[in-house]
Every structure is written in structure tokens, then in C-alpha cells.
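K.L.:
Have a look at the structure that comes next, please.
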Amino acid sequence: LVVERFRDELGDWRVVLHSPYGMAVHAPWALAVTARIRERHGYDGAAIAADDGIVVRLPDTEAQPPGAELFLFEADELEALVTSEVGSSAVFAARFRECAARALLLPRRDPGRRSPLWQQRQRASQLLEVAREFPDFPIVLETVREVLQDVYDLPSLVELTAGIAQRSIRIVEVETPSPSPFARSLLFGYVAAFLYEGDSPLAERRAAALSIDPALLAELLGRAELREVLDPAVIAQLEAELQRVAPDRRARDAEGIVDLLRILGPLSVDEVEARTLDEVDVSGALDELARANRVFRATIAGDARWVGVEDAARLRDALGTPIPHGVPSAFLEPVPDPVGDLVARFARTRTPFAASDVASRYGLGIAVATDALRRLTADRRVIEGEFRPGASGTEWVDAEVLRRLRSRSLATLRKEIEPVSHGTLGRFLPAWQHVGSAGLGATRPALQGIDGVLQAIEQLQGVALPASAWETLVLPSRVRDYSPAWLDELCASGEAVWAGAGSLPGSDGWVSLHLAGAAPLSLAEPDGLELTARQQRILDALAGGGGFFFRQLAAAVAEPGESGGDDAALVDELWQLVWAGLLTNDTLAPLRSTLGGTATRRPAPRTRGYRGYARPASVMQSGPPTAAGRWSLLPERDADTTRRTAFAVDRMLERHGIVTRGAVQAEGLRGGFALAYSVLARMEEAGSVRRGYIVEGLGAAQFATPATTDRVRTYSRDADAAPALAPVVLAATDPANPYGAALSWPASQPDAAAGSTAHRPGRKAGALVALVDGHLALYLERGGKSVLTFTEDPAVLEVAAVELAAVVRARLRSLRVERVNGASVFGTPLAEALQAAGFVATPQGLRIRI
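Written as C-alpha cells, this is what we have:
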């Protein structure tokens, strides 16, 4: 799907969703978008739908106008939102007039003369004003049903939004200076559609919205939810238990037969036999009980049945059943509500049923049975709705039976989530994070352009990774044809910020990227650096806001009489503040210079029309390259620990898809997994995530959204299926690498002699991993001199070597492999694969360089 954004003739924004799913899907989607705009921004977005998409109008704003987020909804909330908004739609007004006319509620003085449409609208509006006083007005409910079921295709819309949530359907944003030809065709019909929408009288729309009783609305919303939740196997199992036909619930003797008649009501001989153990003589037991005046025969609805004496008065008063002699007088007292008692017992002993079922069971009229059910519903003993998957029409169920069905179905659903293998997680996680391969013919990175960089930052914000890995491995593996200038532009425009999180040996350090708006929540707490006097003056100078070039900052912090001081010393103190998490810059140029990088190349302008400014050369040369750009303080951290933790857990769900203990520990969340678990447990109670045994071997404390759970299972393969051998090379610290985080490191191949000094894998700065078909194939220490292999399969080693060579050529300068599993690289299976991929032999090992 494509979201196109451009300005109209008045300077306001038009947001167009290009989609091929048709009016039946787009119309309810547009209603939900309108409700979201009104809720978030307080005005009507005037969203209209067509067969080819949705058009939304938004007033001009200084902030970034909304885009794809307008169209993203949780599948569970969408149906409820559409149902609550349907009364304000033009199609509802039209359908209401039709329904009212069919019901003869809008009669004409002369049936042979045509009535003007505007007069019909007036009369419909007046009718709705009256109907506001009657929440269950049938014409309004029929109109809602007709629109939701006959006009809108809500199941397809829910399926579409679920696909977007699972990322099997992508939404791409683009900003254009003028509408595209596709958008022009949608705008052609916008005026007429909008005029029609506005022609709907406000009183009519308000009355329609208020005419639906909230309880009825909740019931309507609950029907679809229960059809999705209730499991047919669970319904069948509970039915067998309630009806005492399950093997462990059958009667064992004559007393058990008495209990059957008391609990279930009158039963035929065949029905009693089906509920009694085979070794019991049912006929003899019933005859003995009849001689003892504990049961008697009766004809009910034309069938001969056995009845417990406790039901004698109830059947007499409800059905007119003759009572035989010998029934104790204690069981002949009048019953206040005999029909209600029979129907209530029928409901208690059955799963969802129709009114016709209870009517035929007791020979009652449908109206009599329905009236009794409605009285029980008013007392909240029975619930009306649609419960059985695939069923149609109104059903009824006992409240306690429904509670048991719900709890058992949810428990069954959790058990049915069979855990996936480690390899499945290894295939899923890179794809979830848009990671692609550098090799020719392989899956390329999924994101593109500067907006792709922004999307990658959104998913990775708050994660501290080595500065040397961000622009050589992490971002290029996610954004096709990545250019460092894109990240500079985002920082210069204030959309993103970068922060240090501790230094590493040499010139490297830990760096995290953040969206500017979320930085107060995602930034880590600064290190407790003991400030020097000049560092305190630096912070004081920057506390007023804005950014300072190096020379401006040097002048601002100089003591009176100083001529500028030593640039190197000031730069060193600046970088100490950076690594302490206190300062940032509007470009990553000084960071690249510190790492020994080259000048940034400028790419073509971004698609949404932003033009960055060009800095004068004199300013760029006014300080050391390691201090270029404007320095400023990082945003102030949010002081609320609850909000910060909730945001961090939410980002983990977005980043990992499946949150596990290992993933939380790898990210170093303050408070650890115990704190994250408390947040996730609340999210599970709210229904936003599901806990289950999703990946084998990782325990039951795994959390994911239902959409993510469905998505990860699509990466499973049969045990006898041939591997795809799809390779990817990542930084060992990359969140897309599950090994050393969610998954433990596997054992490497014992190629080295006993007692070798082979290193152990770890999520270390500068280290690389090569995954093939989701399984760990290679681990390379920083610089690649030492390699661990985790497979002996020549085909796997070959594709891993080819991908490694492609990554070196595209993103790294050179790589030299000297040892494999603690021994010399020469003569190993990996050496053959590396040489075939383009590595050349040197006295020290195998090397590749550009």
C-alpha cells in the first residue's frame, strides 16, 4: 500500500491511501480514520473512500503532518470503532431512509407521486430525533446490521489490518509536490462525495449515533469476538460434560440415574442409557426407582420420558403434564415460574443453543421459549448473542457456561501454539527488522531512502551499538543503498538525535539513535562523570538551548584573558561529555572523523521534498574535524520511571517481535527481566500481547502480539524440507542477531586440537556473525583474524563465505582470516569456501580487500 501526501490549492494537506481492496473495505476504513483524526486532533478529517483508495484532508500545520499512522489499527479494535462510527456516515443515512420506507414509517400522502429527496431526508431526520428516546429502536438496529453486514466487508478489513500488523503487507510513504495521476483520479470524485457527506443533516447523524443502546452495541461487538475466541472442540467437550455423556461423568448406579434426572431434567430411556455405564441395568434400575415413587413416566413433546419426582409440580404447571398417584405432596406445591425453571436448567446443561432447541425439547411455542429466555437475560443468568464459530442467527447460553467456554478456549489456544525452532527465530528476526543480504540475487534490504533510515531508527531507538557498526553494518543491512548523508539530514532537521553511551578501547564507543520526539523516554541515564571546571562551563553555556560551533563554544567557555586554549584538550573534554551521555551534535561528521572515516557524500534530495542547508566551508574549517557541527545538550530525560519502562518494553516488542528473558538481558534494561515482566503481564491482561511457549527451549515467559505470533510461524519449515540457505552477515551486537540474546551460543566445531586457544563467541564490539537459513554458521572476532565455525556442511560454508565477501566489498574495507577454531585457516573446509568467494592467500592467512 502507498500513502501519498501533498498540499492542495489552499495549502492544506491531502493524504491519499492507494489501495486495491475496493469500496467495501475502504469505506469502513475511512470511518475509522475519521474517528482517529477527531480523537487526536479535534477536527473532522473529511475522509472519503473510493474503490481505489481513501482521501483525507488535514489543515496545514507547522509539525510534520500525519501519514501512514492514520491508517494503522489493531485488528481487535477496528470492528468496534467502525460500529460506533457507522451512525455518522452518509451510507447510514441513506440506508436508514430505505429501512424506514420499507417499514412504512415514511408514508406518502399520495403514493403515486414522487417525493423529493431532500424532504425524505427531513422526515428521516425527524424520525431519528424521535427514535433517540428508544435505544432499541428496531429500524436503527436493522440499519446498523445492514450496513455492517451487507455494505461493509469488515472481515476483509480486519484481515488486511492483521496483515499490516504482521508486516506481510507493507505501507510505503511518499511526499510529492503535486498529486500523482492515481491521486488525481481519486480527487476527481472528492468534491461530490464530500458534498454528499456534508448534506447529511447534523441532527440526523447525532441521533443515529445516540439511538443505539450501549448494551446492545457491546453485545454486537462481543458476537464477533466470541466467534473468534470460542473453540469448537472446547464447545463439544464441555457439551459432553454438561450432558453427562463424557466417560467420567456417567451414572454408575441407580442413585446416579436419579441425579441425572434431577440435573438434566426428563430423559428418555435411550438418553439415560447413553449417560450410564454399560454394566448398569438401566431398565431395571428405572423400574425399581418407579416402585419407590422416586421417578415416574410422562409424555413430553410427544416422547416418553422418565421424570424425577422433584419436577412433578414444575411440569404440571408449565406443560400440563399429568401427575401419577403416589408422588409425595411436598413435590406438588405450585411453582412461581415453572417455564423459567425448565428453560434455565436447559441453559445450564448445554453450550450455546437456539430458542427453537428448548421449544422443541419441551413442546413449547417459540414465542414462549423466547420470552422466558429474555427474562433470564434481563436477570443476567443467560446471555444472548452469536457464539458458535460458523453458526448464524441468535443463540443463547448460560452465563457460567460462557465463562467456562471462554477460559477453556483461551487455555486451548495457548497450548495450541506449538513452539517453533531456534532456526525459525533466526529466520524471523532479521526479516522482522528489515535486514537484507549484500550478495547478488539475495533478498535486499527492505527499507529505502531517508524515510527508510527514519523507520530503522524508530525500531532501533534506545539500543546502544558500537559507533563503528552503525554505518558499516547496521543501517546498510536495513536500508538499500544507504548513504551517511541521510542520517546527517535527519539529525540536522531535528527528527533524530544520537547519543553516546560509553567509550570503547581505541576511538570507538557505544552510540544510540533516537527519534527526537521520543528521546526523553528512550535515552539512557547519563553516566556519573566527574566534571572538570571547563566541562561544567560547557554544560552551562549549552544550557540556554541552541547549538554552538566549536569556535563559538571555545570562546564561550574560555576564562577571561585566555586566547582560546588548546583545541585538542577541549575536543577531548567534549568527547568525554559525549560518551557520558550529555552532549550530542547535529551531524555525525565528528563521530566519523573520530573513527577515521571519510567525508560525507551528499545524495539526491529526499522524496518528501525536504531541502537541507549547506554549511559555509569557512565554518566547517573553523575547528578540528572531530569537533565539526553544532554541539548541544541532549534532551532532558523523562523523570517518570513507569513511562520510561513502558516505552522501553514497547520498543522491545517492536524490535524483537518476541520478548524473552535473554533479549531483555542483552539490552541491559534497568530493573532487568523482572521489571519488564511486570509491564508485559499488564499488557497481557489488557489483551495487547499474548504469553506463551512460542520458541522451544526459552521457557513459558515469552510475550508477543497475536499478529507477531502468526508471522513467526510462517518461517517454520518441515523437518524434511530442504534448507533455503539464505545468508546474512550481521554485527554480533545487532538486535537482529538472536544468538547470545534470546538464543544461547551453539557449540562450535571441534576442528582445533585439544587444548587450543580458540576464543568463545560473544556479543562484542567489532565481531561479526554469519547466519544461514536462521542458523549460526560463522563467528568472526573483531578484525576477522579468528573465526569459529558452527557447521561442517560445505554448502552452508560456501554461501556464508560468499555473503561475507559481499559484505566486505560493499561495507567494510578489508578482512583477513588467520585462524579457524583456534588452528591455522589453511587446510580447513572454510579456507576452500573463502578462496572460492574471492579471498586470496597471504603468508598470514586469507585476505580480501577492496
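Counting with this note's numbering, you get residues 20 to 869 for the letters of the sequence shown.
Cβ coordinates follow ideal geometry from the N, Cα and C atoms, glycine included.
Just so we're clear, the structure is a prediction, and the values are computed from it rather than from any experiment.
What residue from Ile67, Leu89, Pro39, Pro47 has the CA that sits closest to Arg59's CA?
P.N.:
Of Ile67, Leu89, Pro39, Pro47, the residue nearest in Cα terms is Leu89.
K.L.:
Near His453, what residues of its chain come up, given a Cβ to Cβ distance below 6 angstroms and the 5 sequence neighbours on each side ignored?
P.N.:
Closer than 6 angstroms at the Cβ level, and outside the excluded window around His453, lie Ala465, Leu466, Arg497.
K.L.:
Assign Asp71 to buried or exposed, taking buried as 16 or more other Cβ atoms, counted over all protein chains shown, within 10 Å of its Cβ.
P.N.:
It counts as buried.
K.L.:
For Val358, which residues from the same chain have a beta carbon less than 6 angstroms from its beta carbon, with the 5 sequence-adjacent residues on both sides left out?
P.N.:
Cβ within range, chain order: Ala337, Ala391.
K.L.:
Is DSSP giving Ala573 helix, strand or coil here?
P.N.:
The answer is helix: DSSP assigns Ala573 an H, G or I state.
K.L.:
Sort Ala374, Gly86, Val22 by Cα distance to Leu205 and report the nearest one.
P.N.:
Leu205 has its Cα closest to that of Val22, out of Ala374, Gly86, Val22.
K.L.:
I need the DSSP call for Arg271, collapsed to helix, strand or coil.
P.N.:
DSSP places Arg271 in coil when its eight states are reduced to three.
K.L.:
Measuring CB to CB, does Ala504 end up less than 8 angstroms from Leu614?
P.N.:
Result no, Cβ atoms of Ala504 and Leu614 do not sit closer than 8 angstroms.
K.L.:
Bridge partners for Pro746 per DSSP, in chain order?
P.N.:
Val791, per the DSSP bridge assignment.
K.L.:
Less than 8 angstroms between C-beta atoms, sequence neighbours within five positions excluded: which residues of the same chain meet that for Val170?
P.N.:
Answer for Val170: Ala43, Ala46, Val110, Arg114, listed in chain order.
K.L.:
Would you report the Cα separation of Gly345 and Ile276, rounded to the nearest angstrom?
P.N.:
Taking the straight line joining both Cα atoms gives about 20 angstroms.
K.L.:
Compute the Euclidean distance between the alpha carbons of Leu849 and Trp764, then round it to the nearest angstrom.
P.N.:
Between Leu849 and Trp764, the C-alpha separation is close to 20 angstroms.
K.L.:
Tell me the DSSP secondary structure of Ile254 in three-state form.
P.N.:
Correct three-state label for Ile254: helix.
K.L.:
Tell me which residues share the same chain as Thr80 and place their Cβ nearer than 7 angstroms to its Cβ, disregarding the 5 neighbours each side in the sequence.
P.N.:
Excluding residues within five positions, none has a Cβ falling inside 7 angstroms.
K.L.:
If you compare alpha carbons, which of Ala475, Leu799, Gly785 is closest to Glu673?
P.N.:
Nearest C-alpha to Glu673: Ala475.
K.L.:
Does the Cβ of Phe372 have 16 or more other Cβ atoms within 10 Å, making it buried, or fewer, making it exposed?
P.N.:
It is buried - the Cβ of Phe372 has at least 16 other Cβ atoms within 10 Å.
K.L.:
How many Å lie between Ala773 and Ala819 at the Cα?
P.N.:
Any reading at Ala773 needs caution, since the residue's pLDDT is 45, under 50, leaving its predicted position unreliable; the model's value is listed next. Approximately 26 angstroms between the Cα atoms of the pair.
K.L.:
Is the segment 855 to 867 close to the segment 781 to 788, with three or more CB pairs under 8 angstroms?
P.N.:
Segments in contact, no.
K.L.:
Taking the beta strand (DSSP E) that Gly25 belongs to, which residues open and close that run?
P.N.:
Looking at the sequence provided, one finds Phe at residue 25 rather than Gly. 21 to 26 is the extent of the beta strand (DSSP E) around Phe25.
K.L.:
So, with DSSP's three-state summary, where would you put Trp594?
P.N.:
Of the three classes helix, strand and coil, the one that applies to Trp594 here is helix, per DSSP.
K.L.:
Relative to the C-alpha of Arg689, which candidate in Ala608, Thr431, Arg663 has its C-alpha closest?
P.N.:
Selected option, being the one with the closest Cα: Arg663.
K.L.:
DSSP on Glu851, reduced to helix/strand/coil?
P.N.:
Correct three-state label for Glu851: helix.
K.L.:
If I measure Cβ to Cβ from Glu28 and keep anything under 6 angstroms in the same chain, skipping five residues before and after, which residues do I get?
P.N.:
The answer is none, since no qualifying residue turns up.
K.L.:
I believe Gly642 touches Arg570 by the beta-carbon criterion, under 8 angstroms. Please report the beta-carbon distance rounded to the nearest angstrom.
P.N.:
Confirmed, Cβ separation roughly 6 angstroms.
K.L.:
Given that a residue counts as buried once 16 or more other Cβ atoms are within 10 Å of its Cβ, and exposed if not, what is Phe845?
P.N.:
It is exposed - the Cβ of Phe845 has fewer than 16 other Cβ atoms within 10 Å.
K.L.:
Would you check if the segment 49 to 67 and the segment 185 to 200 touch, i.e. whether three or more CB-CB distances between them fall below 8 angstroms?
P.N.:
These segments do not touch.
K.L.:
Locate the beta strand (DSSP E) running through Arg76, then write down its first and last residues.
P.N.:
Counting along the chain, the beta strand (DSSP E) containing Arg76 begins and ends at 72 to 77.
K.L.:
Are there three or more Cβ pairs, one per stretch, closer than 8 angstroms when the segment 798 to 816 is compared with the segment 720 to 727?
P.N.:
Touching, no, given that fewer than three Cβ pairs across the two stretches are closer than 8 angstroms.
K.L.:
Would you list the one or two residues that DSSP bridges to His37?
P.N.:
His37 pairs with Val21, Gly72.
K.L.:
Would you tell me roughly how many angstroms separate the C-alpha atoms of Tyr501 and Gly409, rounded to the nearest one?
P.N.:
Between Tyr501 and Gly409, the C-alpha separation is close to 49 angstroms.
K.L.:
Please report how far the alpha carbon of Leu540 lies from the alpha carbon of Ala483, in whole angstroms.
P.N.:
Distance between the alpha carbons of Leu540 and Ala483 is about 15 angstroms.
K.L.:
Please name the residue, chosen from Val105, Arg76, Val420, that lies closest to Leu249 on a Cα-to-Cα basis.
P.N.:
Of the candidates Val105, Arg76, Val420, the one whose C-alpha sits nearest the C-alpha of Leu249 is Val420.
K.L.:
State the CB to CB distance for the pair Ala825 and Ala457, rounded to an integer number of angstroms; the pair is presumed to be in contact (CB under 8 angstroms).
P.N.:
About 4 angstroms separates the two Cβ atoms, so the contact holds.
K.L.:
Measure the CB-CB distance between Ala304 and Val264 and report whether it falls below 8 angstroms.
P.N.:
No, the pair does not count as a contact, with Cβ atoms beyond the cut-off.
K.L.:
In the DSSP output, what is His344 paired with across the bridge?
P.N.:
His344 is not bridged to any residue.
K.L.:
With DSSP as the reference, please indicate the residues paired to Val439 in a beta bridge.
P.N.:
Bridge partners of Val439: Val714.
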